[in-house]
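Below: the structure, in structure tokens.
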Amino acid sequence: YPHGKHRSNYWTSWRDGDWKVIYHALPDIPTTGGFIQFEGGNYQLFNLAEDPYEQKNLADSNPKDLQRMMVGLTSQLQLHEAVYPIDAAGNELKPVVP
Numbered sequence: 485y486p487h488g489k490h491r492s493n494y495w496t497s498w499r500d501g502d503w504k505v506i507y508h509a510l511p512d513i514p515t516t517g518g519f520i521q522f523e524g525g526n527y528q529l530f531n532l533a534e535d536p537y538e539q540k541n542l543a544d545s546n547p548k549d550l551q552r553m554m555v556g557l558t559s560q561l562q563l564h565e566a567v568y569p570i571d572a573a574g575n576e577l578k579p580v581v582p
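Right under this line is the structure:
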């Protein structure tokens with residue numbers, strides 16, 4: 485499920501084998517508590533077998549893996565009837581598959 489305010493505003497993650505994807509719903513909005521926002525857009529993708537400390541974001545260099553992982557993430561959120569953050573107009577901010 486999407487997490488509330490943390491180091492970035494409203495994020496969710498999903499793992500499939502060695503792969504992990506993190507989706508940031510509102511990466512450009514400052515957080516409370518003075519945390520630095522994620523500056524790489526909405527997506528982070530990691531191969532945990534090769535990068536267990538999540539230091540190298542593969543989202544841009546592995547678009548097919550990112551898309552596959554985001555399809556899995558959105559499917560799981562839908563299956564479990566996730567609650568999503570909303571924007572100022574009251575619209576749900578569901579993750580977007582690139």
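End of the sequence shown sits at 582 in the numbering used here; the numbers just go up one at a time, nothing left out. All C-beta atoms, glycine included, are put in the ideal place defined by N, C-alpha and C. Predicted model, so just to flag it, every value in this text is computed and none were measured.
Check for me: the beta strand (DSSP E) holding residue i runs from which residue to which?
i: Leu563; result: From DSSP, Leu563 is part of no beta strand (DSSP E) but of the alpha helix (DSSP H) over Pro547 to Leu563.
i: Tyr507; result: Trp503 to Leu510
i: Asn531; result: Tyr527 to Asn531
For residue i, which residues of its own chain have a beta-carbon under 7 Å away from its beta-carbon, when the five flanking residues on both sides are left out?
i: Ala572; result: none
i: Met553; result: Trp498, Asp500, Trp503, Val505 and Leu529
i: Asn531; result: Asp502, Trp503 and Leu542
i: Ala533; result: Asp502
With burial defined as no fewer than 16 other Cβ atoms inside 10 Å of the residue's Cβ, what is the status of residue i: buried or exposed?
i: Leu563; result: exposed
i: Tyr507; result: buried
i: Tyr537; result: exposed
i: Pro582; result: exposed
i: Asp579; result: Per the sequence shown, the amino acid found at residue 579 is Pro instead of Asp. Classification of Pro579: buried, given that the 10 Å Cβ count is 16 or more.
Skipping 5 residues on each side, what residues in its chain have a beta carbon closer than 6 Å to that of residue i?
i: Leu542; result: Leu529
i: Tyr586; result: Residue coverage of the chain in this structure runs from 485 to 582, which leaves residue 586 outside it and unanswerable.
Apart from the five residues just before and just after residue i, which ones in its own chain have a Cβ nearer than 8 Å to its Cβ?
i: Gly574; result: none
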